[in-house]
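S.K.:
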Amino acid sequence: MRIDILTLFPEIFESPLNFSILKRAQEQGIVAVAVANIRDFATYKYRKVDDKPYGGGPGMVMMPGPVFDCFEHVVKLAPSRGRVVLLTPQGERFHQAKARELAREPRLILIAGRYEGFDERIRVGLDAEQISVGDYILNGGELAALVLVDAVVRLLPGALGDEESAQDDSFSGGLLEYPHYTRPEVFRGMRVPDVLLSGDHGRIAQWRRAQALERTKQWRPDLLEARDDEREN
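All residue numbers for the sequence shown refer to my numbering, where the first residue is 562 and numbers rise by one.
1. Spell out the partners DSSP gives I670 in its beta bridges.
2. Can you tell me the Cα-Cα spacing of N802 and T568, whole angstroms?
3. Quick one: what's D611 bridged to in DSSP?
4. Less than 8 Å between C-beta atoms, sequence neighbours within five positions excluded: which residues of the same chain meet that for V708?
5. Mind reading off the beta-carbon distance from L671 to I582? Whole number of angstroms is fine, and I expect it under 8 Å.
6. Report all residues from its chain with a CB closer than 8 Å to the CB of L689; omit the five preceding and five following residues, and keep chain order.
7. Where do the ends of the alpha helix (DSSP H) carrying Q712 lie?
8. If I measure Cβ to Cβ from I765 and keep anything under 8 Å in the same chain, skipping five residues before and after, which residues do I get?
9. Nearest to G701 by alpha carbon, out of R675, R642 and S576?
10. Using 7 Å as the limit for Cβ to Cβ distance, is E575 near chain D?
11. DSSP three-state call for G652: helix, strand or coil?
12. Can you pull the DSSP bridge partners for V747?
13. Would you mind working out which of Q587, E653 and R715 sits nearest D696, comparing C-alpha positions?
14. Distance, Cα to Cα, K778 vs A639?
15. Can you tell me whether DSSP reads E588 as helix, strand or coil?
16. My understanding is that L737 touches A664, with C-beta atoms under 8 Å, so please give their C-beta distance in whole angstroms.
17. Is the CB-CB distance between P571 and V592 below 7 Å?
18. Quick check: A603 and P627, are their CB atoms within less than 7 Å of each other?
19. When you compare only the Cα positions, how much space is there between P718 and M624?
20. Measure the C-alpha to C-alpha separation of I692 and A706 and round it to an integer number of angstroms.
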């Protein structure tokens with residue numbers, strides 16, 4: 562997979578992309594991640610990339626010209642155009658099923674917004690889908706892009722080294738994950754459940770399933786409602 566990120570602040574990506582799983586996945590050729598600076602394609606004085614909104618209103622809006630020019634440069638760097646995604650609070654809320662869907666793509670082009678958002682012609686002209694990481698406002702789309710990259714890359718074959726890790730994650734089966742325990746068996750009076758020490762893999766699987774259901778019912782009942790709706794449809 563190849564992931565291109567278009568941003569006004571490429572420095573934000575330097576540390577996260579060179580750490581832990583994301584770093585190893587790139588070194589092993591599982592994914593290639595490239596960051597392009599939209600400001601490099603500015604044609605106005607002082608590398609200006611934003612302007613006041615037509616019709617008035619607060620803030621500044623990202624101009625279409627630099628974004629289009631940056632995109633048209635980046636898209637030529639690989640054979641496939643791939644999926645084009647704008648990171649914006651107006652988008653579809655990001656979830657695990659969307660991460661799995663995107664992980665099947667050969668290429669993603671992510672565009673991180675700033676200021677009051679994108680000139681609408683960017684979305685229309687690039688035929689881009691919109692994704693939001695939650696119902697809150699960030700200073701820009703860079704952190705949202707990193708969330709998406711992290712969630713997608715860990716699903717790529719070989720990225721985690723243990724494929725079961727991704728399969729057992731919260732949300733992977735529509736449920737929260739079961740609780741985990743490690744040594745010691747007793748810590749400050751709190752014991753590891755006996756079933757986990759039994760060696761009976763059938764009982765352990767049943768216990769974990771029951772715990773996942775109970776946790777989801779208690780903390781995220783909306784996930785169970787969504788599962789029921791999917792079955793009805």
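Built from N, CA and C at the ideal position, the CB exists for glycine as well. All of these numbers come straight from a predicted model, not from anything done at the bench.
M.R.: So, from the listed chains and residues:
1. Here the question's residue 670 lines up with position 109 in the sequence shown. Listed as beta-bridge partners of I670 by DSSP are D565 and V645.
2. In this structure the chain extends from 562 to 794, so residue 802 is not present and cannot be described.
3. Locating residue 611 in the sequence shown gives position 50, where the first residue counts as 1. Under DSSP, D611 forms a beta bridge with M623.
4. Residue mapping note: residue 708 aligns to position 147 of the sequence shown, counting from 1. These residues qualify, in order along the chain: F655 and V694.
5. Residue numbering aside, residue 671 sits at position 110 when the sequence shown is read from its first letter. Residue numbering aside, residue 582 sits at position 21 when the sequence shown is read from its first letter. At roughly 18 Å, the Cβ-Cβ gap does not stay under 8 Å, so L671 and I582 are not in contact.
6. Taking the first residue of the sequence shown as position 1, residue 689 is located at position 128. Reading off the sequence shown, one finds Ala at residue 689, where the question assumed Leu. Taken in chain order, the residues that qualify are V645, V646, L647, I672 and I683.
7. Position 151 of the sequence shown holds residue 712. A small fix is needed here, since residue 712 is Ala in this sequence, not Gln. A712 -> alpha helix (DSSP H) spans E703 to V714.
8. Within the sequence shown, residue 765 is the residue found at index 204, counting from 1. Leaving aside the five residues that flank I765 on each side, the residues in its chain whose CB is nearer than 8 Å to its CB run, in chain order, V756, L757 and S759.
9. The residue given as residue 701 occupies position 140 in the sequence shown. Of R675, R642 and S576, the residue nearest in Cα terms is R675.
10. Of the protein chains in this structure there is only one, and it is not chain D.
11. Along the sequence shown, one-based indexing puts residue 652 at 91. When DSSP states are grouped into helix, strand and coil, G652 belongs to the strand group.
12. Within the sequence shown, numbered from 1, the residue matching residue 747 stands at position 186. In DSSP, V747 forms a bridge with R752.
13. For the purposes of this step, residue 696 is taken as the residue at position 135 of the sequence shown. Among Q587, E653 and R715, the Cα nearest to that of D696 belongs to E653.
14. Working through the sequence shown from its first residue, we reach residue 778 at position 217. Working through the sequence shown from its first residue, we reach residue 639 at position 78. Taking the straight line from one Cα to the other gives about 45 Å.
15. Here residue 588 refers to the residue found at position 27 of the sequence shown. In the displayed model, E588 falls within a helix according to three-state DSSP.
16. For the purposes of this step, residue 737 is taken as residue 176 along the sequence shown, with counting starting at 1. For the purposes of this step, residue 664 is taken as residue 103 along the sequence shown, with counting starting at 1. Not confirmed; about 21 Å, so no contact.
17. Counting from one through the sequence shown, the residue named residue 571 turns up at place 10. Counting from one through the sequence shown, the residue named residue 592 turns up at place 31. Taking 7 Å as the cut-off, the Cβ atoms of P571 and V592 do not count as close.
18. Mapped onto the sequence shown, residue 603 falls at position 42. Mapped onto the sequence shown, residue 627 falls at position 66. If you check the CB distance, A603 and P627 come in under 7 Å.
19. Residue 718 sits at position 157 when you count from the first residue of the sequence shown. Residue 624 sits at position 63 when you count from the first residue of the sequence shown. Here the alpha carbons of M624 and P718 stand approximately 38 Å from one another.
20. As a first step, residue 692 is located in the sequence shown; it is residue number 131 there, counting from the start. As a first step, residue 706 is located in the sequence shown; it is residue number 145 there, counting from the start. Rounded to whole angstroms, the gap between the alpha carbons of I692 and A706 is 9 Å.
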